Each structure stands twice: as C-alpha cells, then as structure tokens.
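Residues in the sequence shown are numbered consecutively from 1033, following my numbering. Using N, Cα and C, we set each Cβ at its ideal position, and we do this for glycine too. Since the structure is predicted, the reported quantities are computational estimates derived from the model, not experimental observations.
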Amino acid sequence: MNTVKAIYPGSFDPVTNGHLDLIARGSRIFDHLVVAILRNSSKNPLFTVDERVEMLTDGVASLNNVSVATFDGLLVDFAREQQAQAVLRGIRAISDYEYELQMALMNRRLSPELETIFLMPDGKYSFVSSRLVKEVFERGPRPEIRHRSLEAAQVLS
Ligand code: PNS
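Put into structure tokens, the structure is as follows:
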C-alpha cells in the first residue's frame, strides 16, 4: 500500500494555535507529517531555531505520526530528501491566497511531482498570526505571558 508523507514548512516564530490545529488536521490525512522549520527565515527571529523545535515538539507530542525537523535552502530539495509527496500549507483568509498560490506554483515549477495541499484551520484562528504574537512578545510580556514559551504563545493565539 502506498503511504503519503507530507511536509508542513514554515517559520513558526512562534508556533500558534492555528499551526497546531492545522498539524492535527494534517496528521489525520497523511501517513506521516514532518513539520519543517526554516532556518534563517528572518534576520530578526524572536525565538531561536532550537526554541522553536522545542515548542513544536511539545505541541505535537500527542500525535505519533508527526515529527519536527529543520531545513535550509529550498523546500523542494528538503521534500525530495525526505521522500515526501506533498507540502501542506494553511489558508486562513483570502489575504493568504495570493502569496500561497505564488509559492505553490513556484514549487511546482521546481518540482512538478510535489503537490501542495491547502487546509483551513478552525475559523476561530482566522485572524491569528505569528507576526502579531511576535509583536506582543517583543513589546514586553504581560503577567500571563511572562515566559516566552509555547503556553504563552497559546494564550495569545
Ligand atoms: O511561515 P512562513 O514564513 O510563511 O513560511 C514560508 C516558507 C518557510 C514555507 C517559505 O519561505 C519557504 O519554503 N522557504 C524556503 C525557500 C524556498 O523554497 N523558497 C521557494 C518557495 S517559493
């Protein structure tokens, strides 16, 4: 029987409840899902790659077909290395669509056999983004988010 392995790539700086919701959905569809954190995605990361790996590893602990990895360079090369057939991405609202379509079509040009599959997170996460959570962390934590942690990111997202 064929098994399908997918890569869910992103910056995850930090991981949000929307990401975790999408990972749970992906884990029910794919045989194996690799959550892949891009190294060097921003010159000004809030969380180190190691912190992001730790947060995501905690966040996916209950899903036994999900693993966490990091990658550099092109996503299509990482997908090939992993022998993955699909890329998973989330679309929250129409505003995500254009950027996602551009990436999916570029990835298709680079690797025609790799399919991008979009899923929608629960509507309650439609307006949550890493960028906003990051902004709040950067401007000084409130008491309930004193520690820069998965729990704190979850309170905000
Ligand atoms: O969570 P993000 O920051 O929107 O994720 C963007 C990401 C990491 C998926 C994208 O920037 C990416 O795949 N970067 C790796 C470099 C690459 O392959 N670029 C070509 C894709 S168009």
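Item	Value
Would you check if the stretch 1066 to 1074 and the stretch 1033 to 1049 touch, i.e. whether three or more CB-CB distances between them fall below 8 angstroms?	yes
For a quick check, are the C-beta atoms of residue 1122 and residue 1087 less than 8 angstroms apart?	no
If contact is defined by three or more beta carbon pairs under 8 angstroms, each pair taking one atom from either stretch, is the stretch 1105 to 1114 in contact with the stretch 1073 to 1093?	no
Closest to residue 1138 by CA distance: which of 1108, 1048 and 1052 is it?	1108
Alpha carbon to alpha carbon, how far is residue 1034 from residue 1144? Give it in angstroms, no decimals.	19 angstroms
Below 7 angstroms, is the gap between the Cβ of residue 1091 and the nearest heavy atom of the ligand PNS?	no
Label residue 1051 either buried or exposed according to how many other C-beta atoms from any shown protein chain fall within 10 Å of its C-beta, with 16 as the threshold for buried.	buried
Judging by CA-CA distance, which residue of 1161, 1055 and 1073 is the nearest neighbour of residue 1091?	1055
Return the Cβ separation of residue 1185 and residue 1173 in integer angstroms, given the expectation that the two are a contact with Cβ distance under 8 angstroms.	In fact, because the Cβ distance is near 11 angstroms, the residues do not count as touching under 8 angstroms.
Could you please give the first and the last residue of the uninterrupted beta strand (DSSP E) stretch that includes residue 1037?	1037 to 1042
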